[in-house]
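With full-length UniProt numbering, letter number 464 in the sequence shown gets 464, and the count goes up by one each step, no holes. Working notes, beginning with the structure itself.
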Amino acid sequence: MAESAAAGVAAKVLVALTKMLVDEIYFLRGVKDKFEILKSELEWMGASLIAARSDTNFKIWVRQLREIIHEAEDVVEEFNLEIVNHKRLQNKSNALKRLFTISTKLPILHDIGVRIDGINVSARNLRECKDNYGSVIAQTNGGGAESSYRSQSSLLHQRIKRRRKEIFAEAYAQDNVQIHQDVVGQVMPLLTREEGAGHGEPLRVISILGMGGVGKTTLAKKLYNLRSGFDCGALVYISKAYSSDKLLRSIMKQCFGPIPAAKLSNKKLCANLQGKKYLIVLDDVWDTDVWDALRSSFPRNNNGSIVLLTTRHKDVANYASSQPSTDIHELNVINEEESWQIFLNWVHPEPALKNLGKEMVKKCRGLPLAIVVLGGLLLGQGMHKHLWSNINASASWLSSEDENAFRCPGILALSYDYMPYHLKQCFLHLSLFPQDTKISMAKLFQYWIAEGFVSTTNEQTMEEAAEAYLEDLIYRNLIQVSGFSYDGRVKSYRIHNLIHDISLGESKKDQFSVTYGSVDKLFQKKPDSLRVAVLKSDVLNRERFPSYRETRVRFLMCQNVHFKQQNYLSSLFGGFKSLRVLEFNGYIQGRGRISFPKEIGDLIHLRYLSFEKTNLEQIDTSSLSKLVKLQTLNLNGCVEELMLDEKIWSLRELRHLYLKSIKPTSYVSRSRWSLTVANPGIDKLTNLQVLHVGDGDWIHHRLEKLSSLRKLRIEECLSSHSEEIFNAVAKLTKLHSLALLSKNSFQPLSLTNEAVPLASIQLSDHTFLERLHLKGKIHDWPGRNSFPPNLCKLKLEWSWIVEDPMPILEKLPSLTFLHLGYVSSLSKKMVCLRGGFGCLETLKMVSLENLEEWIIEEGALTSLRNLEINGCIKLKVIPKGLQQLTTLKQLTTVKMPPQFVNKVKKNGEDWYKISQIRSVDFF
1 MAESAAAGVA AKVLVALTKM LVDEIYFLRG VKDKFEILKS ELEWMGASLI
51 AARSDTNFKI WVRQLREIIH EAEDVVEEFN LEIVNHKRLQ NKSNALKRLF
101 TISTKLPILH DIGVRIDGIN VSARNLRECK DNYGSVIAQT NGGGAESSYR
151 SQSSLLHQRI KRRRKEIFAE AYAQDNVQIH QDVVGQVMPL LTREEGAGHG
201 EPLRVISILG MGGVGKTTLA KKLYNLRSGF DCGALVYISK AYSSDKLLRS
251 IMKQCFGPIP AAKLSNKKLC ANLQGKKYLI VLDDVWDTDV WDALRSSFPR
301 NNNGSIVLLT TRHKDVANYA SSQPSTDIHE LNVINEEESW QIFLNWVHPE
351 PALKNLGKEM VKKCRGLPLA IVVLGGLLLG QGMHKHLWSN INASASWLSS
401 EDENAFRCPG ILALSYDYMP YHLKQCFLHL SLFPQDTKIS MAKLFQYWIA
451 EGFVSTTNEQ TMEEAAEAYL EDLIYRNLIQ VSGFSYDGRV KSYRIHNLIH
501 DISLGESKKD QFSVTYGSVD KLFQKKPDSL RVAVLKSDVL NRERFPSYRE
551 TRVRFLMCQN VHFKQQNYLS SLFGGFKSLR VLEFNGYIQG RGRISFPKEI
601 GDLIHLRYLS FEKTNLEQID TSSLSKLVKL QTLNLNGCVE ELMLDEKIWS
651 LRELRHLYLK SIKPTSYVSR SRWSLTVANP GIDKLTNLQV LHVGDGDWIH
701 HRLEKLSSLR KLRIEECLSS HSEEIFNAVA KLTKLHSLAL LSKNSFQPLS
751 LTNEAVPLAS IQLSDHTFLE RLHLKGKIHD WPGRNSFPPN LCKLKLEWSW
801 IVEDPMPILE KLPSLTFLHL GYVSSLSKKM VCLRGGFGCL ETLKMVSLEN
851 LEEWIIEEGA LTSLRNLEIN GCIKLKVIPK GLQQLTTLKQ LTTVKMPPQF
901 VNKVKKNGED WYKISQIRSV DFF
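Structural data, given as structure tokens:
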């Protein structure tokens, strides 16, 4: 099945090679015939891989063929790079054209010719050694899934948008079916008791037991979200390779808000929970060691506190539960009627397909995960009886025929088999990350783009196409959305462990990727896989590394790997000449600083390079400038005054450039980590989509020329540059996200002239701009027409607005998220008028230190779901108008005065104003 991922590579190389044969005839003298033969072989190889995807006898043959395809990919790309480099030289001297007339005068042509001959001979040998090579191709219809997918693309994206809205509105399809109601009826009363109930009862540990995919996580999350009467709570997901420190941090943060970076102990968490009535959900506990590692964190308060854990292992449930006879609740598979109802939430089959649908649902044997994956698979095939019949007759179901066997692998493998090629590569790529890893969606998309997984049309950017790929995986129920941003886009995701196992298994089978717990393992033997992740903090002690000159590794990611000496890092890259992605991430205070290894300049295929949060202090821009294919450069959080010269502007393919400083640890501290760019020429980077950078002279008459920018963030903005910044921003009408953060914005207005003169910003023509973050003093508060018409998210900090900002902001028609932070307003009174903020769903008010009174009129904030009041120390009472907000689900108060908190707690004089809110947290 996974060999079709390599077929996608063959197709991509074929497109590039065909274009080169047409466009670059002049440069191909002496090797054109060889490239023509290679083109023919690639056509055969791609077709053969598609044909072989269901034949396990092809395993070794397919592996060898895949290696040939990747060698061809490198050769074609290297020759294209040579053409680009020599075209640049020709612009300087026409005499250099003679270098291309005879191959002996240009050694690269001879070397390329030899390598192509080797590839063609290897491909021919493989073809000849396989007697049924041609017959297999004739028998296959491997493109069916792909063509069906394309014909359904419009329907697919309509469904995605609809499902996104449903999840955001807490109407997730699987939750609409009332399953496991017996367990809900037993556990729910314990989690929804009034405040004070349970006094005198010891800590209770309750287990939900059941096989993988039966719905334990869905049920636990539902129970947790309906809790009431607890002082604090947390829900954490536990992977097989769990980290105790990460789990403790997650619990602490959810219960008590942001925590310092210092190492956290069980004793510390226990001290914070002491005296609190808490609910902690531990999802997917694999063995008793997990419970042993965490149990001392939970004080045995006699107040009705509860730890709820889910597990598929009965010994874990017996070991952890307070009273195994009453506190273990087992989830069984669901009945046929419930199964069919879940299926109908995803697919509404036509009458002619109903019996086929029921037959396949029955094969899922009551396992909800299998049913929703089946629904996603069939929906992608459309209402075509022959396609449904093919799926029903697939041999992949056979892995589930044994009544005592595990129930999910058949349908999961089937769903993978029917993916289009580009999605298979993205799905397998997810195996590089542990289940509990939180990864930036933007970074994930950049990986996919750098690896060549993403193709696009003229109407889309590469980033938009990558987001559509992720949505497709969600649509197929192979990824679970765990968080949404303000506008409904995916913010975070989880992969069910059964689906993650499928991804790992297929990756291993196809040598697609591998993860190591130690960097030394990377060099114990030549890596077989194309992608390698080193995910464990490690100190590298080797002085030299073996040089694997034949390795085809495309992706290398090292997190928290530290090098004792500079030459250790320099010698790392000898055998990784085919890398497309290279990432180092993780800085630890006290480690020696490192310089940019000049050997990186030999990695000519690199598209993605990151030294984020490392102690990198010097950049060899001569080496960096050789990476002409580079799309993403991330130097965020490197050491102060990291110098870049004009050579960086030769990287014309750059799409994402991150040069921003890291946040200071204190608002009082004047020291900041920053990056300095000498000899500005940033206007040459016309492909830039994302730019995060500090203020500087590079802005002069250059920023406005970056017409492709979608996201712009400028830190430490100076008032001396403000006019140029806003004149440029006014011309960048394709922006989707804009952040302008002033220098010294936290100082009192009388001490500095630095400001964000918002009155001069005219953003009414920026119809794509949805996110706006302004940090700095605003002297003249503008009218609503200065804001973008489709603004969804607005964050204001240190604005020092004298008047009440609400009369202007409440008229923004699309605003769904508003953050007013750190003296953004100096007004003593704020009023939300009737009809205002009709779309606002999240409101955060942080450190509005002058605010004494807040009034919410009837008919205002009719869509509000989440409210946070943080550090508004003069606010006397909570608004009476909250009582009428039926949509409000979450109220969080942080660092509020005791008299304010006591009033809104149970039996307080203002309790009636918030009693209807489902979840109220006090930090």
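Even glycine gets a Cβ: it sits at the ideal position worked out from N, Cα and C.
query, result
"By the three-class DSSP mapping on this structure, what secondary structure does Q323 have?", "coil"
"Which residue from N318, N80, R127, V114 puts its Cα closest to that of S40?", "R127"
"Could you tell me the distance, in whole angstroms, from the CA atom of F576 to the CA atom of P527?", "10 Å"
"Quick one: any contact between the region 341 to 356 and the region 298 to 311, if contact means 3 or more CB pairs under 8 Å?", "no"
"Output yes or no for whether 8 Å exceeds the beta carbon distance between D289 and T310.", "no"
"In whole angstroms, what is the alpha-carbon distance linking L633 and I68?", "30 Å"
"Going by DSSP, what residues sit across from I869 in a beta bridge?", "M845, T893"
"With respect to the beta strand (DSSP E) encompassing F817, which residues constitute its N-terminal and C-terminal limits?", "817 to 821"
"On a Cα-Cα basis, can you pick out the residue from M360, S625, I619, Y608 that is closest to H656?", "Y608"
"Along the chain, where does the beta strand (DSSP E) containing Q618 start, and where does it finish?", "616 to 618"
"Once you ignore the five residues that flank A293 on each side, which residues in its own chain have a CB closer than 6 Å to its CB?", "S244"
"If you check the beta carbons only, do V774 and S799 fall under 8 Å apart?", "Per the sequence presented here, residue 774 reads as Leu, with Val not at that position. Taking 8 Å as the Cβ cut-off, L774 and S799 qualify as a contacting pair."
"Which residues mark the beginning and the end of the beta strand (DSSP E) in which E716 is found?", "711 to 717"
"So, at 6 Å on beta carbons, what are the nonlocal neighbours of R489 in its own chain, with the 5 sequence-adjacent residues on each side left out?", "none"
"By alpha-carbon positions, which one of N301, L888, L412 ends up nearest to C270?", "N301"
"Give the single residue among C638, I604, I600, I619 whose Cα lies nearest to the Cα of E612.", "C638"
"Look at the alpha carbon of E403 and the alpha carbon of L248, and state the distance between them as a whole number of angstroms.", "With a pLDDT of only 48 at E403, under the threshold of 50, the placement of this residue in the model should not be trusted; the figure read from the coordinates follows. One C-alpha to the other measures close to 39 Å."
"Can you grab the Cα-Cα spacing for the pair P349 / M383, in whole Å?", "7 Å"
"Under the three-state reduction of DSSP, which class applies to residue 925: helix, strand or coil?", "The chain is shown only over 1 to 923; residue 925 falls outside these bounds and no answer can be derived."
"Can you check DSSP and say which residues form a bridge with M830?", "W854"
"Please report the straight-line C-alpha distance between D921 and T816, rounded to a whole angstrom.", "22 Å"
"Just checking, does the region 443 to 454 make contact with the region 498 to 509 on the three C-beta pairs under 8 Å criterion?", "no"
"Can you give the Cα-Cα distance for N132 and A123, rounded to whole angstroms?", "The pLDDT assigned to N132 is 46, lower than 50, so where the model puts this residue is not dependable; a value taken from the coordinates is nonetheless given after this. Straight-line Cα distance between these residues: approximately 15 Å."
"Let me confirm a value: Y912 is counted as buried when at least 16 other C-beta atoms fall within 10 Å, else exposed. Which label applies?", "exposed"
"Any idea if T551 is buried or exposed, counting beta-carbon neighbours within 10 angstroms, 16 or more meaning buried?", "buried"
"Pair every Cβ in the region 720 to 732 with every Cβ in the region 467 to 479, then say whether three or more of these pairs are closer than 8 Å.", "no"
"Going by the CB atoms, is the gap between S650 and S622 shorter than 8 Å?", "no"
"In angstroms, rounded to a whole number, what distance separates the CA positions of D74 and M557?", "20 Å"
"Give the range of the beta strand (DSSP E) segment to which T551 is assigned.", "It is not in any beta strand (DSSP E) - T551 carries neither H nor E in the DSSP assignment."
"Restricting to Cα atoms, I'd like to know which of F298, S529, E337, W291 is closest to D315.", "W291"
"Among L882, D287, E359, E852, which has the Cα closest to the Cα of P897?", "E852"
"Helix, strand or coil, according to DSSP, for I801 in the structure here?", "strand"
"Taking the alpha-carbon positions, what's the V628 to N870 distance?", "47 Å"
"In the DSSP assignment, what are the bridge partners of E330?", "L209"
"With V690 as the anchor, note down where its beta strand (DSSP E) starts and where it stops.", "690 to 694"
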